[in-house]
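Asker:
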Amino acid sequence: MASKKKYGERVENFSNKAARELLSLIEHKKTNLSLALDVTTKREFLEIADKAGPYICLLKTHVDILVDFDQDFIEQLKELRTKHEFMIFEDRKFADIGNTVKHQYSKGIYKISEWADITNAHPLPGDGIVSGLKEVGLVLGRGLLLLAEMSSKGSLATGAYTEAAVEMARRHKDFVVGFIAGRKLISDDDKEDFIVMSPGVGLDVSTDGLGQQYRTPRNVILESGSDIIIVGRGIYGSDKDVAVEAQRYRDAGWKAYLERLAN
Ligand code: BMP
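Here our numbering = 1-based position in the sequence shown + 3.
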C-alpha cells in the first residue's frame, strides 16, 4: 500500500537530518523529481544542473565519470545547490567491507562525505558496510540508501535479498533513510518509514539497449508507492530541452503523488 501521508507529514518519522531536510524540501518545492546527471564533463554537468535546478529536489551524481573533476567542481556544485535549493545524492553504490568503504566515503580524490547529503550502498557485504559508512556520515548529518532492487533486466536483487535489505535498514534506522527500489517495500505503519527512490523512469522509451528498463512516473509513484522518481536521459538526452523536460517530469511525478493522496 502506498503512503497516504504528505511528504511534509513524514518528516517527524525520521531522526536523520538529511531525510528530514529532503522531505521538507519536497513539500515546499513541490517536486519529487531527482535528476540523474550522467555526463562526463564539468561544463555540461553544471549547465544542465543549472537549467534543471528549479524543478528538482535531488541531484544524483556519479562524480567518478567526470573527466575533469576537481575541487572547483564541488564548489560550483555547492553554489548551484544553494541557488536552486536541491540536495545532492552521490550514487556511489559502495559494495565493500566496512573499513574499506569508510575510506572510500571520506578520503581519496572525491571526499564524498564532505558534499553529498545522501549516498547509497549494496547490502551484499552485510551490516558492516552500513556501520563503516555510518561512522563517517552520521555525525555529518548524512543519510544512506540501500539498493534493495535494481531497475536493470536480470537483476539479482530480488526476493530474499530484497527482504534482507529491508531488515538491514531496520537495524540502522538512524542512518539508513530508505531504498533504491521499484516500489514501496514495507506496509503502512505509523512507527516506521523509509524513503523509496526509483530509477528507470522514462515517458518516451521502454529500454536503452543496455538492460535499463523504464516505467512511467505514474506507474512508479501512484501504482508502486515509491516516493521519488530518478530520471536521467529522459531529461538531458540528445535533442532534449532540459528545462522543458525537467518540468514535464516534475509535473508528472507530482500529479501522480497528488492522485495517490486523493485515492
Ligand atoms: P537513466 O534515466 O538515464 O537511465 O539513468 C538512470 C540512473 O539511475 C543512472 O545514473 C543509473 O546509474 C541509476 N540506477 C539505475 O538506473 N538503476 C538502478 O537500479 C540503480 C541506479 O542507481
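The beta-carbon is built from N, C-alpha and C at its ideal position, and this holds for glycine as well. In this text the structure is predicted, and so the values were computed from the model without any measurement.
If you compare alpha carbons, which of Val14, Lys20 and Tyr239 is closest to Leu143?
Answerer: Start at 1 with the first residue of the sequence shown, and residue 143 comes out as number 140. Selected option, being the one with the closest Cα: Lys20.
Asker: Excluding the 5 residues flanking Glu138 on each side, which residues of the same chain have their C-beta closer than 7 Å to its C-beta?
Answerer: Position 135 of the sequence shown, counting from 1, holds the residue named residue 138. Here the set comprises Lys105.
Asker: Which residues share a DSSP beta bridge with Glu93?
Answerer: In the sequence shown, residue 93 corresponds to position 90, counting from 1. In DSSP, Glu93 forms a bridge with Thr64 and Thr122.
Asker: Could you name the residues of the same chain whose beta carbon sits closer than 8 Å to that of Phe97, not counting the 5 residues immediately before and after it, in chain order?
Answerer: If you number the sequence shown from 1, residue 97 lands on position 94. Val104, Gln107, Tyr108, Thr122, Asn123, Ala124, His125, Ile132 and Leu136.
Asker: How would you label Leu36, buried or exposed, when you count the other beta carbons within 10 angstroms and need 16 or more for buried?
Answerer: Numbered from its first residue, the sequence shown carries residue 36 at position 33. Leu36 should be labelled buried.
Asker: So what does Gly181 bridge to, in DSSP terms?
Answerer: For the purposes of this step, residue 181 is taken as the residue at position 178 of the sequence shown. In the DSSP output, where bridge partners are listed per residue, Gly181 has Leu148 and Ile198.
Asker: Which residue or residues does DSSP assign as beta-bridge partners of Ser190?
Answerer: On the sequence shown, position 187 is the one that residue 190 refers to. Ser190 pairs with nothing; no bridge assigned.
Asker: Since I believe Phe197 is in contact with Leu141 (beta carbons under 8 Å), could you give me their beta-carbon distance rounded to a whole number of angstroms?
Answerer: Counting from one through the sequence shown, the residue named residue 141 turns up at place 138. Counting from one through the sequence shown, the residue named residue 197 turns up at place 194. So it is not a contact: roughly 17 Å between Cβ atoms.
Asker: Looking at C-alpha atoms only, which residue of Ile100, Glu50, Tyr113 and Asp99 is the closest neighbour of Glu82?
Answerer: If you number the sequence shown from 1, residue 82 lands on position 79. Nearest C-alpha to Glu82: Glu50.
Asker: With a threshold of 7 Å, establish whether the CB of Lys243 neighbours any heavy atom of the ligand BMP.
Answerer: Counting from 1 along the sequence shown, the entry for residue 243 is found at position 240. Answer for Lys243: no, Cβ out of range of the ligand BMP.
Asker: Does the ligand BMP have even one heavy atom less than 7 Å from the beta-carbon of Val199?
Answerer: For the purposes of this step, residue 199 is taken as residue 196 along the sequence shown, with counting starting at 1. No, the Cβ of Val199 stays beyond 7 Å of every heavy atom of the ligand BMP.
Asker: When DSSP labels each residue in this structure, what does Ile112 get in the three-state scheme?
Answerer: Residue mapping note: residue 112 aligns to position 109 of the sequence shown, counting from 1. The answer is coil: DSSP assigns Ile112 none of H, G, I, E or B.
Asker: Taking buried to mean at least 16 other C-beta atoms within 10 Å of its own C-beta, is Ala163 buried or exposed?
Answerer: For the purposes of this step, residue 163 is taken as the residue at position 160 of the sequence shown. Exposed, since its Cβ has fewer than 16 Cβ neighbours within 10 Å.
Asker: DSSP has Gln278 in a bridge; who is on the other side?
Answerer: Here the chain covers residues 4 to 266 and nothing more, so residue 278 does not appear.
Asker: If we ignore side chains and look at the alpha-carbon of each, how far apart do Gly203 and Arg23 end up?
Answerer: The count along the sequence shown starts at 1 and reaches residue 203 at position 200. The count along the sequence shown starts at 1 and reaches residue 23 at position 20. Using only the alpha carbons, I get a separation of about 25 Å.
Asker: Exposed or buried, what is Arg173 when buried is set at 16 or more other beta-carbons lying within 10 Å of its beta-carbon?
Answerer: The residue you call residue 173 lines up with position 170 of the sequence shown. Exposed is the call here.
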